[in-house]
Every structure is written in structure tokens, then in C-alpha cells.
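Listed in order, the protein sequences are those of chains A and B. Add 1087 to the 1-based position in the first sequence for this note's numbering, that's all there is to it. Add 1254 to the 1-based position in the second sequence for this note's numbering, that's all there is to it. Inspection log for the structure reproduced underneath, given as C-alpha cells.
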Amino acid sequence: MGRYTAKERRRVMSKALGMRFVWGLCGVLAGVFGFALTAQAEVTPDTSGSIMVYPKVVYSDGGRDTVIQLSNTSNNVVYAHCFYLNASLLNGRRRWDVTDFRVVLTKQQPTHWVASQGRQVNNSDNFTDPVQDGAGLDPGAIPPVEEGFEGELKCVQVDASGTPFGGNNLKGEAVLVSDEGDVAKYNALAITANPDLASDGDPEELLLNNTALNDGEYNSCPNTILIDHFADGAGACDVEVEGEPSPCPIRPYITVVPCQQDFENLIPERVTVQFLVTNEFENNFSTSTTVDCWLSTRMADIDVGTGTCSVSGGPCAGDANCAGGAGDLCSKPASIFSFGVLGTDTAFTTMQPVDLHGGVIAIGEEQHFAAGATDSAWTAWNLHQSGTRYDATIDTEGGPRIDRIRIPMPF
Amino acid sequence: MSTKMGFWRSALVSTAVLLVCGSAASARIIEAKGISTVESGAILVYIDLELDTANGIDTRIQLTNTSDFLTRVDCYLINANGHCGGEGGPVCSTDADCSAFPGLRCLPGWAKTDFRLTLTKRQPISWSLGNGLSRLPLADSPGQANQFNEGSIPPAPEDPFIGELRCIQMDVGDADRPSDRNDLKGESTVVTIVDEQIDARKSNAIAIKAIEGAQDGTPNVLNIGGPEAEYGAFPADGQDSNVGCPNIWTLNHFFEGAQVVTHQNTNARSVTSKMTVVPCGADLLTDIPGSATLQFLIYNEFEQRFSTSTRIDCYREVRLADIDTRPGIDGDRQSIFSVGTQGTLTGMSRVRSVSGPADNDDNYDGNGVLLHLEEQWGLGTCLGVAGGVCGDNHGCGPMAPTASCSADSDCPVGSACVADGLPYKTTAANVQFQGSRSQGDQIILP
Chain A
1088 MGRYTAKERR
1098 RVMSKALGMR
1108 FVWGLCGVLA
1118 GVFGFALTAQ
1128 AEVTPDTSGS
1138 IMVYPKVVYS
1148 DGGRDTVIQL
1158 SNTSNNVVYA
1168 HCFYLNASLL
1178 NGRRRWDVTD
1188 FRVVLTKQQP
1198 THWVASQGRQ
1208 VNNSDNFTDP
1218 VQDGAGLDPG
1228 AIPPVEEGFE
1238 GELKCVQVDA
1248 SGTPFGGNNL
1258 KGEAVLVSDE
1268 GDVAKYNALA
1278 ITANPDLASD
1288 GDPEELLLNN
1298 TALNDGEYNS
1308 CPNTILIDHF
1318 ADGAGACDVE
1328 VEGEPSPCPI
1338 RPYITVVPCQ
1348 QDFENLIPER
1358 VTVQFLVTNE
1368 FENNFSTSTT
1378 VDCWLSTRMA
1388 DIDVGTGTCS
1398 VSGGPCAGDA
1408 NCAGGAGDLC
1418 SKPASIFSFG
1428 VLGTDTAFTT
1438 MQPVDLHGGV
1448 IAIGEEQHFA
1458 AGATDSAWTA
1468 WNLHQSGTRY
1478 DATIDTEGGP
1488 RIDRIRIPMP
1498 F
Chain B
1255 MSTKMGFWRS
1265 ALVSTAVLLV
1275 CGSAASARII
1285 EAKGISTVES
1295 GAILVYIDLE
1305 LDTANGIDTR
1315 IQLTNTSDFL
1325 TRVDCYLINA
1335 NGHCGGEGGP
1345 VCSTDADCSA
1355 FPGLRCLPGW
1365 AKTDFRLTLT
1375 KRQPISWSLG
1385 NGLSRLPLAD
1395 SPGQANQFNE
1405 GSIPPAPEDP
1415 FIGELRCIQM
1425 DVGDADRPSD
1435 RNDLKGESTV
1445 VTIVDEQIDA
1455 RKSNAIAIKA
1465 IEGAQDGTPN
1475 VLNIGGPEAE
1485 YGAFPADGQD
1495 SNVGCPNIWT
1505 LNHFFEGAQV
1515 VTHQNTNARS
1525 VTSKMTVVPC
1535 GADLLTDIPG
1545 SATLQFLIYN
1555 EFEQRFSTST
1565 RIDCYREVRL
1575 ADIDTRPGID
1585 GDRQSIFSVG
1595 TQGTLTGMSR
1605 VRSVSGPADN
1615 DDNYDGNGVL
1625 LHLEEQWGLG
1635 TCLGVAGGVC
1645 GDNHGCGPMA
1655 PTASCSADSD
1665 CPVGSACVAD
1675 GLPYKTTAAN
1685 VQFQGSRSQG
1695 DQIILP
């Protein structure tokens, strides 16, 4: 018992070696062909797609407004079903009200509208009248958002009947414009569809499960967001104002939206994300927060609630609590995102959902202050990313995580 | 007999391997892309660099190693300043800047300054274009993985300066060989501070991805796409050839002089756009700048199509209206990028560089380009015009309560755009792209 003849040993060894050869060859082939494929960004601002996500759309009187640009990159007529998600605060909680509308774009047609004004269907409007800037083929009636709106815009490519369609023909941008003239532009993030499977199954439920490892409907959201940012309070200049050093501080901001959304039942998605912060000395810090349907925050507010007014010296949660004039800013030197803790001008932060929580999409912003904070300038940019949520959770118990976008049923 | 059985056994095993591997990696990549603005890569190209100390302009550059390994980087800072009469003359951007030097024309320049450095595990660094970085953060004491920074970063060789920066990930063990890892990411932020005003715009460096294991025996010639691709990507389903630099760039932009009204029709800003183009390839060995012919298709919101073309050599930063008309505001109203010509506020331009001519046999004449877009939103007002703007680009109509201009071309003939401080605020955006081409591009290192 338990002893093999020489012939049997050769057969067993041969089989084992053979399988080792097979899997080894698999590994080599996967290494050669697979790496380039798995490294692809699955949700990208670089190319057109079938779901456009504008993570930050705002309008407030005396604050910022948003100009939306949307284009059809194909030679066919393209239809899109768009959703404004109003995530403004009401009684301390995020509203999650959805307003939807349809747009139609002809061959290669670009269009635009302003969030606060929407766009009427008016064949006689013209560009020479600045208050009627809707010259062009109107894409459809686009409602304005209310004063105080903050939230997201999402446009899903559909066919003429309204059924989701994986044509990958939409591209877009958003410009955040302050009433004082400051501007910050970012590209909308495109979720690319698998054209063969995008309208398979339940047409009202879009599965974000297409990856290098899985034939799915729409590309999976990224697993990790990579953020290169200035430390909160880092100075961009060294000048003196009234004899005091004024370093032109910089503040990083981030806007995060969950990939999973249910527009039919209006169930807001909650995602807990972890941050790992590395400064220029390679020191690491970490924190976490929960995104409840929509999060747009100064990064220093993630881990520190109360700061100190830079001039008046009192406690503050934000600049509005500091009454010492334009230069009286709420500084939060105890935050791990601040210059006070990091000790270097810039940091590298990775953001990743925990456990089997869904993926997120994000953009970054920075507010640069002039000396004495007499003026400020916003910048916005698209954040780097790596991996996919589906592939990263495929070996997790209960995984893989598949984010779903449920659009309302027609009735 | 045994040999025959061995052949069939091998064939069977090979088929099984393909089936097993195929099912495990049923890659559903819609379109392979050789470059990205949101993924790390092996070659970073920073296009939007600007230094002009006299006018308060400098650029903060960020560079990060996203891996857990020590990473070596070779960088090439390319000075694209023009000079009156050539090298050694005063810096200029157009012939008009050389009017004080009779007989001299503004000649484009292309000169590189290179430097090397190492980045430790997950380390970010930043520096200003005007100051460089003489000592890296971990030059004297090691990081957690006992790794040191080596190298230093020189400041821009001239002030004012425009140009690009290319950083290439090199092999840590053999500093003369490019690495096939994709660990670098970067951003640049151009900050302007004038008196009490500030402006900033940020964009991502464009990352060109290395193909793992594809580096050949010629380490100083980097093939991007093409038949011998070392950088870019292998083709996905439906793509015919290796993927390198993009085939077409698609810009959504405002037409020149567009008055964009916001805040429920209470605020209007004049918008102009500036495009920066650099060739995808570069000969850094012989300092021969790349060149390309660009073809434009412009669609307005009526779906009407216009076209034009222009040529770039080494580096070109140009206002959209100056692509088809002479530099400066003269002729802007006749430009096909003008809002007056187009009749709508926004448009989409498709930009394609012409590949070839096929005077070589190696298919490395792709003439691919990389693009960047900057928008200028006016803060000025037209001098002597009651009620704000009715520019010659724009015609005269009812004015919005608050209107603006960023250049004289936004104002009526004979009127000038004046601003108290900054004439405009800027924003930048990475440009989207489509497709690939069978020909590749090459970066040749010293």
C-alpha cells in the first residue's frame, strides 16, 4: 500500500509536471497578455463612454455655478437619459432627490447648458443675446437646478425607446464658475459599456461588472483612487502682508460619489473609504470616512472637525466661523492632510472602499489663496486610479462586488 | 510512433492551455489605450509648464512613485522658447516681440536640460519650475524602507520659459535601461500671483504606458506603438495593431469670444481657449524636434462642420483663433473658431495628426501628438463701452448685467479691454482621445 511501481511513478510525475507546465504556460501567457489588459482604467475621463458621471454640479447665488458640456462623438443620433441628483443638506442630512430629463444629440453634435438656467427648446434663441445663449440644435428641454443645489449629474446613453444602449458615444466636461470670475474645469468620467451585453438582462439595472476577468455589462469602477495633492496650508509663495509672513495657503478638496445608485427606489448608497497618506519623507498616516450618497469636502475636514481661526484665534468648523476679515481662515493644523502634520508641501493619498463596499468615483479640487487671502483661485482635476472593484473583491467571501445603477421603470 | 504521439500530445496540451487561459482571462477590454491621464505610466509628459517671474507666473510640478519599490527616473526639461534671431537672442513668441531688433525674426527653439533622480517607496515630491529642487527630501536620511533619494532638479534654464518636461522610468539595476514598470504619475499647477490676485490651473501629466517584457536590446530607442511596440498596449479585440499614441483628439471647447452667461443670467464671462501641442515622439539624442501636420474638423451646435489645418514643430501653444488666422487679435473675427463665424457658443473639434510620409520602412512615422487645453475666462471690461461687452467677434446685443472681456478682440473696434489686475482667470483640462494608428512613434534618448 502506498507504494508505486516505477511505471506508475513516471505516470504520476508526468501528469504533475504536465499540469505544472500547463499552468506555468498559462502564467507566462497571462503575464504577457494579461498585464496590459488588467492595467486598463475602467472608468476614465480620457475617452467617450455610455454613462457620463459629473461628480460635482453646484449652483448657489453669490457662489459657484456649473457649465455642462456634452457631446456625441459618433456619426449617429445619440439619446441620453440624464439624472440630476440633488444632494444638498436638509435638516442635517443629504437630500437625494432625482430630476431626470432626456437629450438627443445629432451626428458629432456638441451642446452645453448652465446648471442654474437649464436650456429651453427655442428655435429663435441666438448667441448675440447673452441671456439667450442657446443657439444651436436644442438637445431637449433641460431643467434648471434650484438655488443651493449641490450634487451630481449622470447621463446614461439609451436608444430611441429609452432602453440603455452601449454605444460609448458620449463625452463631457463641467466648468465650475464663481460669480467673481474664478473657473475650474474637469472632465466627466465615462463608464464604458460592453456593447454586446449592455442591454442584456434587466434593462433597468445596469451592472458595472465588466473587467479583464469578466464579461459584463459596463466597466467596473476603480478599486483605488490615487490623489497627489498639496498639504492643507502649504504655501505657494513667501510674501509679507503688513509685516507678517503670508504664504498663500493651498487647500485640497475632494468630491466622491458612490458607483451604485438606485434611482427607482431612491435608496442612497453608503460607502466607507479608507485613506492612506504618504508625505515626501515616506511617512504614512491613515484615516477613514463614510460617503453617504455624495461627499464634497475639504480634505482636512475628513479627520478634524474643529480648527482655529488664523487671525481672530477662536474655534471654527469652517471659514464662515471666522470673523476677522478676508485673511481670517479656519486652519486645521492637526489634520493628517495638513502641512502641520505632514511637514511637506505635497502628499500622495490613496483612497479605497473597505470590505465589500461598492466603488466610488471622485474628482479633486484645490483652492489657492493670494497673500492675505484677498483672492482665491480654484483648480479641478481628474484623479488617478488603479484596479477595479470587481477584480479586487473577486476572492473576497461574498464577492465579487458588483455595483448597480437602477434607473426608473417606464410607466 | 512515439514522436507522432508526442506531437499530438503537445498539440492537445497547447489547445487545452489556450482554452484554460482563455477562460481565465476572457479580457473584455473595449479599446486598449497606450496613454492615459489617470493611470500611472512609464513615461510622463508634462505639457503645461510656464515661468514668467516678472508677471508672477510659476509652475508647481508634482511627481510620485506609486509603487513600493525604489524607482529611478530620467527627466528632460525641454525649453521651447523662441528667440529673436535664434539662440542667444531675447526670448520671443512672435515676430512682433522682435520689433525692437530690426531684421531679426522670432525663431523657434528646442533645447533640453536633463536630470536624474530616484524616488523611494510611494514617495511624492514637488518643486517649482523657477527654483528646481537642489536637495530631495530623503537625500540625507532614509525612508522607512531604508531607501535614499539621489539626484537634484535644476530650475528652468530661462525666465520666461515655456516648454515641456518628459520623465522616463529607468531600470534601478541598470540605470541606462528603461524600465518596463508603470509606476509614475504627475501633475502640474500653473500659479499666477499679481498684486492681491491669484490664478491657478492644474492638469495631469500624460502617462505613456510600458508594455511589460517588451523592451528590446536598443535601450535608447523607445518604441511607442508600431510593430515593435515597447510602450503603449497590445491590441484588444477589434483592434488591428499595437496601440501607441492616439489617432484623434476630441476637444469640447467654447468658441473664441463666447460670452458665457451664468448665475441665472446675472453674470457673463468672455472665454478664449489656448491649445498646446507636442509631438508624441522626440529625438533627444540629436535634438531634432518632432513635427506634424494637424487636421481639424470643427462641429458647432448646429452640427455644421468646418475644417482647417496647421503645422507644429517641436512645441506649439496657440490660441484657437490663431490656428487659421494670423497671430494676435487681427483677423480673429474671421476665424472658424470665432463665435461670430460659428453662431453657437460651444463646439467640438476633432484633431488628427497626419502620419507619414512613409519614407522609412520601420513604420515609426506615426507623427502622433499630445494635446492640452487651457481656457481663459475674462475679468476685464471694454474701455469706453457703456454696459459692458459687445465685441467685434460677438456683435452688439443686449448685455448681461455683468459682462467681461479677456482681450481687445472681445471689445468693439477701437476699444480696448482693460482689467484691474489679472485680465482673466484660467482653467486647464486634459483632452480626450480616440483610436490608435498602425504606425508608431519613437523617443530617442541620449
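Every residue gets a Cβ at the ideal spot worked out from N, C-alpha and C, and that includes glycine.
For a quick check, are the C-beta atoms of B:Gly1397 and B:Cys1360 less than 8 Å apart? With respect to the 8 Å criterion, B:Gly1397 and B:Cys1360 are not classified as neighbours on the basis of their beta carbons.
Note to self: Taking beta-carbon pairs under 7 Å, can you tell me which members of the region 1387-1411 of chain B lie near chain A?
What the structure shows: Within the region 1387-1411 of chain B, contact with chain A at the beta-carbon level (separation under 7 Å) is assigned to Pro1391, Leu1392, Gly1397 and Gln1398.
query: For the region 1375-1428 of chain A, which segments carrying the alpha helix (DSSP H) assignment without a break, of at least 4 residues, lie completely within its bounds, in sequence order?
result: With a minimum length of 4 residues, the unbroken runs of alpha helix (DSSP H) contained wholly in the region 1375-1428 of chain A fall at 1387-1390.
Helix or strand or just coil, what does DSSP make of A:Gly1459?
Correct three-state label for A:Gly1459: helix.
>> Within a Cβ cutoff of 8 Å, which residues of the same chain sit near B:Thr1598, ignoring the five residues on either side of it in sequence?
In response: Only Phe1509, Asn1554, Glu1555 and Phe1556 meet the Cβ criterion.
- request: Taking B:Glu1510 as the query, report the chain A residues whose CB atoms sit under 9 Å from its CB, ordered along the chain.
  value: Per Cβ cutoff of 9 Å: no residues; B:Glu1510 is ~12 Å from chain A at best.
A:Asp1490 lies in the beta strand (DSSP E); which residues open and close that run?
Note, A:Asp1490: beta strand (DSSP E), Asp1490 to Arg1493.
Along the alpha helix (DSSP H) that carries A:Asp1432, what are the first and last residues, could you check?
A:Asp1432 -> no alpha helix (DSSP H), and no H or E assigned at all.
Quiz item: Can you find a CB in chain B that lies within less than 8 Å of the CB of A:Pro1132?
Solution: Any Cβ of chain B closer than 8 Å to the Cβ of A:Pro1132 would place that residue at the interface, and such an atom is present.
**Request:** Note down, in chain order, each residue of its chain lying with its Cβ closer than 6 Å to the Cβ of B:Ile1447, except the 5 sequence neighbours on either side.
**Result:** These residues qualify, in order along the chain: Gly1310.
Exercise for the section: Below 8 Å on the Cβ atoms is my guess for B:Thr1680 versus B:Arg1455; work out the distance and round it to an integer in Å. Expected result: That belief holds up - the Cβ atoms of B:Thr1680 and B:Arg1455 are roughly 5 Å apart, short of 8 Å.
Notebook entry, point to check: Does the Cβ-Cβ distance between A:Arg1189 and A:Ala1167 come in under 8 Å?
Noted result: Yes.
Do B:Thr1600 and A:His1455 come within 8 Å of each other at the CB atom, strictly closer than that value?
At the C-beta level, A:His1455 and B:Thr1600 stay beyond 8 Å of one another.
Quiz item: Would the beta-carbon of B:Asn1385 fall within 8 Å of that of B:Pro1409?
Solution: Cβ atoms of B:Asn1385 and B:Pro1409: closer than 8 Å.
Exercise. Is there at least one Cβ from chain A nearer than 8 Å to B:Asp1576's Cβ?
Worked result: No, its Cβ sits nowhere closer than 8 Å to a Cβ of chain A.
* Using Cβ-Cβ distances below 8 Å, what residues of the region 1468-1484 of chain B are close to chain A? -> Of all residues in the region 1468-1484 of chain B, none is placed with a Cβ closer than 8 Å to any Cβ belonging to chain A.
Q.
Please state whether the Cβ-Cβ distance between A:Gly1322 and A:Ala1285 is less than 8 Å.
A. No, the pair does not count as a contact, with Cβ atoms beyond the cut-off.
### Message
Excluding the 5 residues flanking A:Asp1287 on each side, which residues of the same chain have their C-beta closer than 8 Å to its C-beta?
### Response
Taking C-beta separations shorter than 8 Å and ignoring five residues to either side along the sequence, the partners of A:Asp1287 in its chain run Glu1304, following chain order.
Item to complete: Using a Cβ cut-off of 7 Å, pull out every chain A residue sitting near B:Tyr1553, in sequence order please.
Response: Listed along chain A are Gln1195, Gln1196 and Pro1197, each with a C-beta nearer than 7 Å to that of B:Tyr1553.
Nearest to B:Ser1524 (by Cα), restricted to the options B:Gly1288, B:Ser1382, B:Asp1664 and B:Asp1470: For the residues B:Gly1288, B:Ser1382, B:Asp1664 and B:Asp1470, the minimum Cα distance to B:Ser1524 belongs to B:Asp1664.
CB contact below 8 Å: A:Thr1433 versus chain B: Cβ-Cβ to chain B under 8 Å: yes for A:Thr1433.
Are the CB atoms of A:Ala1222 and A:Val1144 nearer to each other than 8 Å?
No; because the gap between Cβ atoms is not below 8 Å, this pair is not in contact.
In angstroms with no decimal places, state the Cα-to-Cα distance between B:Thr1325 and B:Lys1375. Rounded to the nearest whole angstrom, the C-alpha separation of B:Thr1325 and B:Lys1375 is 8 Å.
In this structure, does DSSP put B:Asp1537 in helix, strand or coil? When secondary structure is reduced to three states using DSSP, B:Asp1537 falls in the strand class.
B:Asp1368 - DSSP class collapsed to helix/strand/coil
Note: B:Asp1368 maps to strand in three-state DSSP.
key: Three-way DSSP call (helix, strand, coil) for B:Ser1524 in this model   = B:Ser1524 falls in the strand class under three-state DSSP.
- Item | At least three beta-carbon pairs within less than 8 Å, the region 1419-1435 of chain B to the region 1459-1466 of chain B | The region 1419-1435 of chain B, when compared against the region 1459-1466 of chain B, does touch it at the 8 Å Cβ threshold.
Checklist entry - What residues in its chain sit with their C-beta under 7 Å from that of B:Val1475, if we drop five residues either side in the sequence? => result Gln1696 and Ile1698.
**Prompt:** If you measure from the beta carbon of A:Lys1143 to each beta carbon in chain B, is any gap under 8 Å?
**Reply:** Chain B has no Cβ within less than 8 Å of the Cβ of A:Lys1143.
Q | Min CB distance A:Leu1293 to chain B below 8 Å | A | Residue-level contact check: A:Leu1293 does not touch chain B, since none of the beta carbons of chain B fall below 8 Å from its beta carbon.
With 16 as the cutoff for other CB atoms within 10 Å, does B:Thr1307 come out buried or exposed? By the 16-neighbour rule on beta-carbons within 10 angstroms, B:Thr1307 is exposed.
Next on the checklist: At 4 residues or longer, what runs of the alpha helix (DSSP H) sit wholly inside the region 1290-1317 of chain A?
Outcome noted: Unbroken alpha helix (DSSP H) stretches of 4 residues or longer found wholly inside the region 1290-1317 of chain A: none.
| request: Assign A:Ala1126 to one of three DSSP states: helix, strand, or coil. | output: Residue placement at A:Ala1126 is flagged as unreliable, the pLDDT there being 43, under the threshold of 50; the coordinate-derived value follows with that caveat. Three-state result, A:Ala1126: coil.
Worksheet item: If we count the other Cβ atoms within 10 Å of its Cβ and call it buried at 16 or more, is B:Leu1305 buried or exposed?
Response: Buried, because 16 or more other Cβ atoms sit within 10 Å of the Cβ of B:Leu1305.
*asked:* Can you look up B:Cys1665 in the DSSP assignment and give me helix, strand or coil?
replied: B:Cys1665 carries a coil assignment under DSSP once its states are collapsed to helix, strand and coil.
Under 8 Å from the C-beta of B:Val1605: neighbouring residues of chain A: Near B:Val1605 there are no residues of chain A at all, since even the closest Cβ is about 13 Å away, more than 8 Å.
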